[in-house]
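To keep things clear, I will list the structure first and then write my remarks on it.
Number of protein chains: 4
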Amino acid sequence: MSLLLTGATVIDGVTDDGVDGLAILVRDGRIVAIGRPDELDVPEDTEVVDVSGKFIIPGLMNANVHLLINIFLETLVRYDGRYEDLIAEAAQVALKSGMTTVFDTWGPRRALQAVRDRIDRGELVGSRIRCAGNIIGFDGPFSPDFDGRIPGVGTGHFVDRVNATWVENTGRHLMWLTPEGVGDEVRDYLGRGIDFVKYGSNEHGGTSAGAFLQFSERAQRVIVEEAHRAGVTAQAHTGTVEGLRIAVEAGCDLVQHANMTGPTEIPQETLEQFAPKGCAATVFPLTDHGRDILKKSITDFEWTIWAASDTNCRNLVDAGAKILLANDGGIFAREVMQEPMIAATWNGLPEDEALNRLATGHFVWLRAMEEKGMAPIELLRAATRNIAEAYQVDDDLGTLEAGKIADMVVLDANPLQGAKNYQSIHAVIKGGVMVDLDALPEQPLLTAELPAALEEEARYKRPLHHGERLPGCPGHH
Amino acid sequence: MSLLLTGATVIDGVTDDGVDGLAILVRDGRIVAIGRPDELDVPEDTEVVDVSGKFIIPGLMNANVHLLINIFLETLVRYDGRYEDLIAEAAQVALKSGMTTVFDTWGPRRALQAVRDRIDRGELVGSRIRCAGNIIGFDGPFSPDFDGRIPGVGTGHFVDRVNATWVENTGRHLMWLTPEGVGDEVRDYLGRGIDFVKYGSNEHGGTSAGAFLQFSERAQRVIVEEAHRAGVTAQAHTGTVEGLRIAVEAGCDLVQHANMTGPTEIPQETLEQFAPKGCAATVFPLTDHGRDILKKSITDFEWTIWAASDTNCRNLVDAGAKILLANDGGIFAREVMQEPMIAATWNGLPEDEALNRLATGHFVWLRAMEEKGMAPIELLRAATRNIAEAYQVDDDLGTLEAGKIADMVVLDANPLQGAKNYQSIHAVIKGGVMVDLDALPEQPLLTAELPAALEEEARYKRPLHHGERLPGCPGHH
Amino acid sequence: MSLLLTGATVIDGVTDDGVDGLAILVRDGRIVAIGRPDELDVPEDTEVVDVSGKFIIPGLMNANVHLLINIFLETLVRYDGRYEDLIAEAAQVALKSGMTTVFDTWGPRRALQAVRDRIDRGELVGSRIRCAGNIIGFDGPFSPDFDGRIPGVGTGHFVDRVNATWVENTGRHLMWLTPEGVGDEVRDYLGRGIDFVKYGSNEHGGTSAGAFLQFSERAQRVIVEEAHRAGVTAQAHTGTVEGLRIAVEAGCDLVQHANMTGPTEIPQETLEQFAPKGCAATVFPLTDHGRDILKKSITDFEWTIWAASDTNCRNLVDAGAKILLANDGGIFAREVMQEPMIAATWNGLPEDEALNRLATGHFVWLRAMEEKGMAPIELLRAATRNIAEAYQVDDDLGTLEAGKIADMVVLDANPLQGAKNYQSIHAVIKGGVMVDLDALPEQPLLTAELPAALEEEARYKRPLHHGERLPGCPGHH
Amino acid sequence: MSLLLTGATVIDGVTDDGVDGLAILVRDGRIVAIGRPDELDVPEDTEVVDVSGKFIIPGLMNANVHLLINIFLETLVRYDGRYEDLIAEAAQVALKSGMTTVFDTWGPRRALQAVRDRIDRGELVGSRIRCAGNIIGFDGPFSPDFDGRIPGVGTGHFVDRVNATWVENTGRHLMWLTPEGVGDEVRDYLGRGIDFVKYGSNEHGGTSAGAFLQFSERAQRVIVEEAHRAGVTAQAHTGTVEGLRIAVEAGCDLVQHANMTGPTEIPQETLEQFAPKGCAATVFPLTDHGRDILKKSITDFEWTIWAASDTNCRNLVDAGAKILLANDGGIFAREVMQEPMIAATWNGLPEDEALNRLATGHFVWLRAMEEKGMAPIELLRAATRNIAEAYQVDDDLGTLEAGKIADMVVLDANPLQGAKNYQSIHAVIKGGVMVDLDALPEQPLLTAELPAALEEEARYKRPLHHGERLPGCPGHH
């Protein structure tokens, strides 16, 4: 069966402007033709959808999400054996939010691949997933790389199982190996079905805010070569100007959160390498409003970090680096969302300025980069074509062109007239099929309502139970 | 239908010796008659079971178990919403081990009562449960009374819900109240359906090995009075000689682990109050073999504690206190059982000398007290009649007498000729019904086998991942 | 030599009003006579000091100070071997602030007694000290009663030595003993030269905000009896309504911070026992301004505690309890004073509303109780005669009467016309000697200026060194 | 004045054998001549010392000591302001143990330089010191690089001051900088008077057993260039095969503990670079006896680390790398030495097999490398000439040759006949002066006897005070 969308302004992502009154003909999941309705050869059984006055853009993409971002012992125990369900829920939240393809850059490989394949086979509705599994060199969720308190609280049996599930053969022990040894492990891991390789140029965190280097320059080159030999892209987690430079020089296809380099701005030498080397850059920007709020609650020193990250965003754009939308987007369980730090989006920003929410953070990204001066069409490309190119899936995705997969978002308002208009989602079409947005997520787990409080909870007076001292009483625990 | 057990030696717990060749006639769950087979008036439809050469004793009881002893965040999350299933499993493990009635002295009240009632109504096979719910004055599982690390790791939502579920209106805040205020809360709690009241005379633990007093002498008297006014028994958790004395003087019907009084032996004055006041004493004894093992691994000071606890056991017997079998018996999940401290039964004792295992600890108790000189028939009574009397259920339970509920254990070997013979369980009859021991537990959860290791677990090398230092490297974390 | 003070208004603490124009004649450290100058028989060699227009009151006293309040590992290491010097410094700070006698209710006994004796012998200038040594039942500074983190950080050698120095034979192990056993230890401790006995009715802190009971009612009676048998007074640290009631009933001569009873107000029954039993009550009041500030930063529940403490203050006054000024006053090292919690006076109050500063807290106390309605003369007595009576040193101290020790404070403004006038100290006379206030403390240690910052400190950027994560980065340590 | 040593076997470190019966003539601190006594031109005022039957070797050197190794809050507080005294004490302990020159590779720069200069000027007796100050890139003693618990326990004032004192401008923030930025800081630091540069190729510790890379290859080259430009040597702290390779390739003059590369043996490629690049290697070997003991107490995985370190030692020797004696030698305060982990020399080895004791560890080193097959004369050179060459002080030190500084050790037994003979120290001559060994250390601080226990310590029963639970009681803190 075929589908014909008529009457809309089509912003195909190829040309710089939208064109009014075009129709898009879709068959077998792909775009057959885009043109004046009278120019199109429309089969008999075609369903015609009139979207007059709307705006059709390529399906949005996200270069960095974590469909299973939860590292909480509680969540991982509660959904033990159901991680695929959590990933499916997140893939549906993403799709509902206009993202027809997401790149999962850290998570449990087996479960991610299983959901990816079910979606690819049409057994499950959801955003198209491409995934890296573990970040090469990082330890599991219950480790100093993420939450180092848990090995002392969870059972060894579960802690080890979870960590092994995430890490497999790619954890911290790779730091002890020769570059060749690292290469062997990466090759093994590639053989397990990941879609691209992500590795740590800098460490994730732990003792020094992520500034250590995880792999030497030689080891990084070996990792990238292994990825390219396997025909997939390679990317790096970076956090310092040296970590960034090394990753770019090692031949990475993209670098993550390239603007986050601590208090030091990216040197000109490195900025100038992005374009010639064809290395794309995801950035994590703040909106101006977010910056204003943040500045009030942090130290002068911390502000230098945010100031540098802002300057880096602008400089990367100016240097002609291919910029990608990305936000570490993920969803937390409702009870986790009540925890003060997470309720406060880590940095004290309100929900509508928080970058890392899966359902909304990409809209924040678009507004933030609009404020930093990116042209409207470049914003669109950062969320579509650039990502497709960086991940080398641009034969199928990223623009509205005949022959490409029919991933589209229909908006009520013109996105080229304001980034805020990306939120005016009217419809989402994925693989040529109109998505029933209201039905998503089909099986709310993390996003389900919490059970009502027990009667006894009201009487249980926490302050008197949890061992706090009386106010005014000296001493520590 | 009726049941006739024939040919066995019957040790009824009333007289001091067993009598050979008696038959026991059971109908409608109760014992109709015990006598020579030819003296009995046996109905037509009676099922006759020949247990010649066996020994029939009253169903064993346990004055202190915890059918849901798990305080591990992991376990309580994993079985969230299924606590009744865990309790049912434990009640079946207890029954399989010969215990037809157990007294649960700390646990989640609602779930315990629900399982109790299902068993009482015959909907579920399991040991008969009578329960106290929370120990009045104690905080919940995720608190300094049990595991004070969890409030910093679990979500506030879950931590509060679990604590409230255990504590309801009876937690630490009662320490702030007047005795009358404490009485009001106890009365309220009694109205919720508990079978007896347990309160803290000493605290559970925390900062001083349990030596603080939880309630004043006046408050303890008020608590006991409230229990008695409601027609139920009262008991105390004690841990020091003063905590013990106060509880006995307050009118408790029984005191728990009366022999555990730290490094100080119970004074003669207190010993002499048990019998006249009709206060029963549970004790937690070690076997001689257990003591030998323990002594090697502890400090001299710790040994004074164990030495005092041993002397207390003997002195309580000598003072004529009514001694009850009890052991804090409970079951842990398999993965929890792998944790070193729990695998080592907390004190480094091997499994077959460990008191607190639900399925076997009562056998250890019997052997231990046999070694301390209790007469064979007194051992039996400690595990049957004494408990029934102390909990005031001796109209129905505790001995083999016409009119009582037909709870019986059939042993292959004579328990009066060696406490080890209690383990030779041939059959268990509860309420006149032969229990299918092989079928228990019907739904293994905590006792189920663990899933096989994942392939990746073998490659995940824990020592290199969990942040330990290289051997020989100075510094702390 | 003799001293004659002339021209002042004398507020002797006996009568309810001040009398203008009286002279006070002092010889050999005691008051010889008070009267009209022309009525006095003044020896030849008398030094005459004209204090016309001033106000003379008895030397101020404080019923609860801690001359060595530091429990910081750093401070106790730094001044190891010099604790007497720290106590001397504090005694001089106290004297400079108008307190001619202070009762130290917790500290290292040997050092306190040594300084006490040097001051008594006239070898050292300082406030007269009377001390309790350890609080019977409490553990040392490096324990859960005070700072439970230190045993894991300090060497066992030093941790044990400090704790033993404070605790000697009177620590937490007394909780394991029978009342008679506790009595033996108290008697032993009394033999070491303490001036009065202080014990814990409630615990100091730790797991339950101080609500546990440290000793049974019987044990408390034994402790009080031992003190009285030795001819000294007894007092209790209390924190709950039951802890307070038991202490009063046990025959204590005074109870500390009687108004701090958690969220529960003192019952009428207990209030009514103070006066007939002759039990004095120290209270820790807040000023109205302090209360306003505090309310903004605490939870509703915490406010119920402060509200109850306020009501208790008023009710104790109304019930005719003998009220004593007390404030846990002590001094911290300058670097400790920079620690946020201590800089914020534990509760976020500004310095001039903070009760527990040694040099100023007693002035806060007087203003706070004035606000709560105490009559001006009763305020004075709370700071002088009442304390002398409660500690049974009123033969010598507490009022201006012939025969008593000549401890006096000369004020510029009339204290009966406003509690704030107590701060207008013109002169302090102790034992008949005019104190050189400007010279105190003679050897500033804790109150000394900190050394200037090193050049390198400016460049050492703490946020980047101490392992904090980059802002915005998920994960815990 | 001159000194003539006669009658000994002289092992000059240049030739491969000792020569009997030579005399050594010393004047003005240097060796004037070595030869047959009758060949020497001996001035009149020469003091002649007959050391017939003894063995004279060059003064021993140590390529890696820490004269102030204490990172304990307690020690650094106790000796605040006296760090020079601690360093002086350690320099005297070193000298007494035969080490006439030591290279301090991590410590507080100002204090080290001050003591160094006093010794150089002859104002203080002690081993000659050459020092690096901080390890470039490492944070201070109270940080995750050493003891990350202290910032939560010490005052911010002291913690910052100590860290700044060690770190100055060279701490972890350098990881954020560009290589040029790192170079600027190193140049600045060189200007402060250090004798050589040490930097982290791998991190010190923290979250991953030291496997992270601290600096990129480019940054390491810049650091080495800055050192060489300033005319001093450069060295690296390494811990992985990549960290080691990068340091050697960056042009380091020596690498520390080159044999410690975790579970991975050094690849042949790297081994082969040492000799041509003139990079010396310190190694930390175990004796066979130490290895036997260690193996019993560690896991199989940990053993792979020690096995690799042993293989590395042998392979480095075989590859012709210049091997240097080094041991992280330092002294801890007596009370610190009582702490279980330190008393057990970190790894459970007995004192006489422990490498890192300042007074004895170099003897362990010599025995251990003898066992691994180093020739006797090479052992001597590892402890003398090789070190002098690696640190480029061989014009003055390292062998017994006319013109060199007269640093010598006189042994009772022949070191070429067994490494154990190095312990038979008869005399030490430094700069031509006979050292009075019995007088060292002149001012024992860390090595002083502890004060006797207080009477009260015996009664203070730690197990009952420190909040441990009763044995057998479930729950965690």
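Chains as they are written, first to last, in full-length UniProt numbering: chain A, 1 to 477; chain S, 1 to 477; chain G, 1 to 477; chain P, 1 to 477. Yeah, the Cβ is synthetic: ideal placement off N, Cα and C, and Gly gets one too. Remember, predicted model here, so these are calculated numbers, not experimental data.
In the DSSP assignment, find the alpha helix (DSSP H) that holds residue i and state where it starts and stops.
i: Gly290 of chain S; result: 288-297
i: Met341 of chain G; result: 340-343
Who are the near neighbours of residue i in its chain, counting only those whose CB is closer than 7 Å to its CB and skipping five residues on each side?
i: Leu5 of chain P; result: Ala23, Ile24, Val49, Val51, Ile56
i: Val241 of chain G; result: Thr261, Thr264, Ile266, Pro267, Thr270
i: Val289 of chain G; result: Val is not the amino acid found at residue 289 of chain G; the sequence shown has His there. Closer than 7 Å at the Cβ level, and outside the excluded window around His289 of chain G, lie Glu353.
i: Leu355 of chain P; result: Phe284, Asn327, Gly361, Val364, Trp365
From residue i to residue j, what distance separates their C-alpha atoms?
i: Ala321 of chain P; j: Cys313 of chain P; result: 10 Å
i: Trp306 of chain G; j: Arg367 of chain G; result: 17 Å
i: Met369 of chain S; j: Asp436 of chain S; result: 30 Å
i: His173 of chain A; j: Val186 of chain A; result: 13 Å
i: Pro108 of chain P; j: Val336 of chain S; result: 47 Å
i: Thr399 of chain P; j: Glu456 of chain S; result: 56 Å
i: Arg30 of chain S; j: Asp195 of chain S; result: 22 Å
The beta strand (DSSP E) with residue i in it runs from where to where?
i: Ser2 of chain P; result: 2-10
i: Leu60 of chain A; result: 60-65
Quick one: measure Cβ to Cβ for residue i and residue j, integer angstroms, because I've assumed they're closer than 8 Å.
i: Val197 of chain G; j: Ala234 of chain G; result: 5 Å
i: His204 of chain P; j: Phe103 of chain P; result: Not a contact, Cβ separation roughly 18 Å.
i: Gly243 of chain P; j: Ser201 of chain P; result: 4 Å
i: Ile135 of chain S; j: Trp176 of chain S; result: About 17 Å separates the two Cβ atoms, so there is no contact after all.
i: Ala90 of chain G; j: Leu67 of chain G; result: 4 Å
Whose C-beta lies closer than 8 Å to the C-beta of residue i among residues of the same chain, with five residues either side of it excluded?
i: Gln417 of chain A; result: Pro376
i: Lys372 of chain A; result: Pro285, Asp310, Cys313, Arg314, Val317
i: Arg110 of chain G; result: Thr165
In this structure, how does DSSP classify residue i when only helix, strand and coil are distinguished?
i: Cys131 of chain A; result: strand
i: Gln220 of chain A; result: helix
i: Phe332 of chain G; result: coil
i: Thr100 of chain A; result: strand
i: Ile34 of chain A; result: strand
i: Val14 of chain S; result: coil
Is any heavy atom in the ligand ADP found nearer than 7 Å to the beta carbon of residue i?
i: Phe72 of chain G; result: This structure does not include the ligand ADP; it has no bound ligands of any sort.
Going by beta carbon distance, what residues of the same chain come within less than 6 Å of residue i, once the five residues before and after it are set aside?
i: Ala230 of chain P; result: Leu190
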